[in-house]
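Residue numbers (this note's numbering), protein chains in the order written: chain A, 1 to 782; chain B, 783 to 1074; chain C, 1075 to 1233.
We put the beta carbon where it would ideally sit given N, CA and C, even for glycine.
It should be emphasised that the depicted structure is a prediction, and the values quoted were computed from it without experimental measurement.
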Amino acid sequence: MSTQATDRHAVGVAMKRKEDPRFIQGKGHYVDDLTFPGMLYMALVRSPYPHAEIKNIDIADAMKVPGVKAVITGKDLDAAGLGWLPTFHGFDKQMVLAIGKVLYQYQEVAAVFAESREAAADGAETVQVDYAPLPVVADPFTSKTDKVLLRPDREQKTNHIFHWEVGDKDATARALASSPRRIKERLWFQRCHPAPLEPCGCVAYFDTMGRLQFHVTSQAPHVYRTALALVTGIPEDKIHVISPDLGGGFGNKVPVYPGYVCAIVGALKIGRPVKWIETRTENLTSTGFARDYHMDVEIGATEDGRVTALHVATTADHGAFDAAADPSKYPAGIFGIVTGSYAFPVAHAEVDAYFTNKAPGGIAYRCSFRVTEASYAIERGMDILADELGMDAAELRSKNFVKKEQFPYPSALGFTYDSGDYQKTLNLALEKIGYKQLLEEQAEKRARGELMGIGISTFTEVVGAGPSKHFDILGIKMFDSAEIRIHPTGAGIVRTGTKSQGQGHETTWAQIVAEELGLDPQTIMVEEGDTDTAPYGLGTYASRSTPTAGAAIAMAARRIREKARKIAAHLLEVGEADVEWKDYKFQVKGVPSKTVTMKDVAFAAYTNMAQNEPGLEATFYYDPPNMTYPNGTYVAVVDVDRETGEVKVRRFLAVDDCGTIINPLVVEGQIHGGLTEGFAIAFMQEIQYDAEGNNLNTNFTDYLLPTSLETPHWETDKTVTPSPHHPIGAKGVGESPNVGSPAAFVNAVIDALSPLGVRHIDMPITRDKVWRAIQEAEQRKK
Amino acid sequence: MIPAAFDYIRAHSADEAFAQLQKHGADARVLAGGQSLIPAMRFRLARPSVLVDVNGIGDFDYIRENNGTLCIGATARDVAVERASWIGDRRWSLLHDVSRVVADPVVRQTGTVVGSLCHNDPAGDWTAAALASRASVVVRGKSGPRTVAIDEFLVDSFTTAVSEGEIALEARFPVPDDRSAGSYQKIERKVGDFATAAAAVQLSLNADGTIRTAGVALSAAGPCAVRVEEAERLLVGQKPTADLIRAAAAAAAKKSEPQADLRGSVPYKKNLAGVLVARGLRQALGRLGVTL
Amino acid sequence: MKVTVTVNGTVYERDVQPRTLLAYFLREDCGLTGTHVGCDTSSCGCCVVVLDGNRAVKSCNMFAVQADGHQILTVEGLANGATLHPLQQGFWDQHGLQCGFCTPGMLLTSYALLKDNPNPSEADIREGLSGNLCRCTGYQNIVKAVQQAAGQMREPVSA
């Protein structure tokens, strides 16, 4: 059912984005741009303690602040049955406002509603909370000992949240034990945060019909609607979720946050609209963080570098609640992709997750549900193996690639990779970067004691969650949808269950419709984010939109084409069987001069449809038969300054294969952005907690985002291996650069330092860490 | 992040500003660039009840040379130094380098040199440059204006010789002679950060190529920017050599007493102090046509 | 306190608290929501506007009362009726935006940059924009956008 879209009518065209005019004129509609008559502002009181009992909350002074209308606490919510919120993973719940105790620094404790932003802030400052500090559990290894029980509210009295595993434990252990060569390394993918430039926020009000109008920064508006109905008891038809323009998401805007629930409760209780916009500090300290996986990676190999087995054992730090927004059967996300691009005969992956006194989350930041962690583990692991064997890093990878002929390839951990030509992608990358010449240059520099490194990452990732057999969020299967309506004059509208946060859907979805129906993409309107009008979908994250909604759009368009064919036959005065769709027109078979366009048909659908159903529209709910597997080869070239530990990224080349490309401009932009985030993660980003549970990176002065000066120049290229099961062969690409790049950067730095005997440095690779690694290596030599 | 409430007074003259500051004492703060003050107010770490806005005082906005001294007025912006017509002259190369790395290019358009000196962040840039340049600050107090040498002006972290009710009016940098150059070497985690470590160097040479005067100062090396007297002593009167630079760098590393923080560990920052002084000296000398 | 601020050529007279930040004054008191607030520490630059014709200012780091009697240019004032400013055209043509949140600040910082330096190199542009953060684009196309605009603005205008 797939077609390779080599046509150039719309798909494949680098057209300028249709959504840009409003943004470049400052006419975007972000949630903080909304005001309603009588609107109140909400501010949250947050805990300075990472773990403490709440002895008392005194709101009397706060209520006296001019403009303050109400203050609610966890006790108030609990009494109304709203004290706890189910997390998207589904097997845990999270306090909305603290009840009895606080579990992480900056946890929400009270909500203040006031006439102005200023009054709300003044009121929040005056709420008095008496805390009795409790011992702090600041890392998952301490948590594992269960000396301090963090969640007495749970049935199992332990900090251990779950054990998950996949693969063949015994066969893998045996294979490793009998492998002539082996590497084992502890790799920590540090806690970081997606930090979209627009923080999270909402405006809630109940309208004259008693409906909840909920404008919110949500990447998954329908899921929010259903979740809110389940949590609040408000019937789902009485909830209207509107996700307006979003200033970035990157997974940060997937969870339902306590602030949202408080705003809704305030609006209900006070009877006025309530706006809550979090500050950047609140965003970084309390909303969904990413990663924090401590991974023990073991790879076995033969003497000549053929991999025999892979074992990864992970200790996961989930924070105070299990709010990792994974599909319910995948508590460790799609970590099982950890065999990567390589044909491991056996493999075993396991994850043990623990509570700690930190903010909850884990699934975010362009991660494809833990694929970033998995990809980092295998790409670093392969480099460590290459180092151990004294083999070239590209050669080792090449030797172990899943071969082109092996697709669809069933991996040792249960995935069926759809398509790929990994060698072709690698070859193109090595040629373009001038690998041979770089190796020569490196040899010369090494002889002079200069530190130059080349790092490669040949990743395969998995996106497009996902087939209903395996994937659901809170029980809702992860299909997606499209509804297309063509108007009499040949313009149209397409609505889907996804929600762009900058990915360009208003352009790319129009391109798919235009391609399938031979219409003008400029006059196909795209609408997302309004749950009253959009068909049900699971939203945009994990690079799922093109694989699921993109497919739904193509399929809905083909349904329209089938209806249109009937009308075309009527217009052409032939039988249906004599009409074919050719060169973007309906043509009488064998008579090229007898054609009608889709535009002609659209008009006729309303004016001259004969016995056919009037109108021209279709809906399609697409349950993907499989995930899609984009891949890529990234090469980083770095130079390290011995004296300062500074790493200069001299070149970075990204060759991506995301199957069919809808809009090359949009894809290139996604790659640039994702690589920049990968660069930030590799070199400067970390949410650190000290041993007492204090969050050390609470705003942009210490949670570092690279500027135009630090960010390297990105070179990009592509290979195209369409997905055989996707209607237009597309795979999705938004997260690939963030998935594949951290390992490329780290591999490059370690490569630069390898003559000194440095084997690994955890991210973020700061100058201090590099300098110290060099110092320690030089000490060892002495 | 919303500041606590305060009263706002826009001063139209130096006398008016001073009178208001005298009147309100510790409750009042000067609002010039505000690029450090306003963020502190947004976090409610600073809660002045009165802000005296001096941006409208035309008399405060100048940079001029006067009798061998470069005088920078209270509201002269960082960017005015960065874009000055004379900033390409090698005698001003230290100020040239600093003016390009203070904060970020937008903040620099409003932030002031005098304000940075008064703020006295331990990892600030202008303070180290002022030390290396042997600058001074004119402070107006109850008994009129007094000139305070920069070494005395910088008292402790975020504390200067400007007392309650007083106002800094001007920063004075002696105009270096023809055979002078400087350099500012700053390591920062990214643009906009304060220094992980920084070194400010200002040198002048005698006709015979020996070093006539030397100013060497470090930022992020203690509670305030600090002068490395030992390095200056070693340099003066000597012909520049690689060994001399090494010795000066070692003195800097020794003098540096940094705090461990998110920007770096103590050993790392001390190491940088030496490295950056060496690089600064090499660059200043290079600008004077001396390569080692 | 009463303030009178000219924004994009229109005079706004409003009553504000001294602590009202210029960014919120523009967004809420003047109804011009194109200027955005993205952080607490004047790090991100989403709030940049241009003061008195040529000074880029982070409007979250200035009080509205300070702008009394002054002129502000926001993103809403860049276009000339239906004709986009060359910077706006550049950002559109070169795909210099994705989510659009940093875009107004980028446009205004670039505006001031080009006033000071009408012929910037790539390095000049990267340096000049280093006070503005972007999470989506990786800056590369933003640089191209500014280069396109600079080129266009240096050309003599044809009738």
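Residue j beta carbon less than 8 Å from that of residue i
i	j	result
C/Leu1095	C/Cys1134	yes
B/Ala917	B/Ala953	yes
C/Val1077	C/Val1139	yes
A/Asn738	A/Thr416	no
B/Ala981	B/Gly1062	yes
B/Val895	B/Ala858	yes
B/Gly1046	A/Asp768	yes
A/Asp78	A/Ile99	yes
B/Glu864	B/Ser875	no
B/Val957	B/Leu1074	no
A/Val462	A/Ala377	no
A/Leu300	A/Thr287	The sequence given here places Gly at residue 300 of chain A; Leu does not occur at that position. Going by C-beta atoms, A/Gly300 is not nearer than 8 Å to A/Thr287.
A/Pro331	A/Trp164	yes
A/Gly504	A/Asn663	yes
Chain A within 8 Å of residue i, Cβ atoms only
i	result
B/Leu936	no
B/Leu1044	yes
C/Gly1213	Just to set this straight, residue 1213 of chain C is Tyr in the shown sequence, not Gly. So, interface residue.
C/Thr1177	yes
B/Val1057	yes
C/Glu1150	yes
C/Leu1187	no
B/Leu1054	yes
C/Leu1158	yes
C/Leu1125	no
Neighbour flag for residue i against chain B, beta carbons, 8 Å
i	result
C/Arg1129	yes
C/Thr1115	yes
A/Asp600	no
A/Glu19	no
C/Met1180	no
A/Glu643	yes
A/Arg154	no
A/Met684	yes
Nearest neighbour of residue i, chosen from the options [CA to CA]
i	options	result
A/His160	A/Thr142, A/Ile54, A/Thr489, A/Asp768	A/Thr142
A/Phe113	A/Ala79, A/Gln94, A/Lys64, A/Thr87	A/Lys64
A/Asp170	A/Leu310, A/Asn400, A/Leu85	A/Leu310
A/Met555	A/Gly74, A/Phe620, A/Tyr224, A/Phe652	A/Phe620
A/Val109	A/Gly81, A/Ile59, A/Val148	A/Ile59
C/Leu1161	C/Val1220, C/Pro1230, C/Asp1089, C/Tyr1086	C/Val1220
B/Ala1034	B/Leu1044, B/Gln1020, B/Lys1052, B/Asp1025	B/Lys1052
B/Ile932	B/Gly1019, B/Ser939, B/Ala914	B/Ala914
First and last residue of the uninterrupted beta strand (DSSP E) at residue i
i	result
B/Gly923	918-923
A/Val649	647-657
C/Phe1137	Run containing C/Phe1137: none; DSSP gives neither H nor E here.
A/Ser593	591-596
A/Met42	40-46
B/Val1059	Premise fails: B/Val1059 lies in the alpha helix (DSSP H), 1048-1069, not in any beta strand (DSSP E).
Residue i: first and last residue of the uninterrupted alpha helix (DSSP H) it sits in
i	result
B/Gln817	Careful: B/Gln817 lies outside any alpha helix (DSSP H) and carries neither H nor E.
A/Met95	Element bounds for A/Met95: not the alpha helix (DSSP H) but the beta strand (DSSP E), 93-95.
C/Tyr1185	1177-1190
Partners in chain E for residue i, counting only beta-carbon separations shorter than 7 Å
i	result
B/Asn837	No chain E appears in this structure, whose protein chains are A, B and C.
Closer than 8 Å to chain C by CB, residue i
i	result
B/Phe788	yes
B/Arg826	no
B/Ile784	yes
B/Arg865	yes
Checklist entry - At what residue ranges does the region 451-486 of chain A contain a whole run of the beta strand (DSSP E), taking only runs of 3 or more? => result 451-460, 480-486
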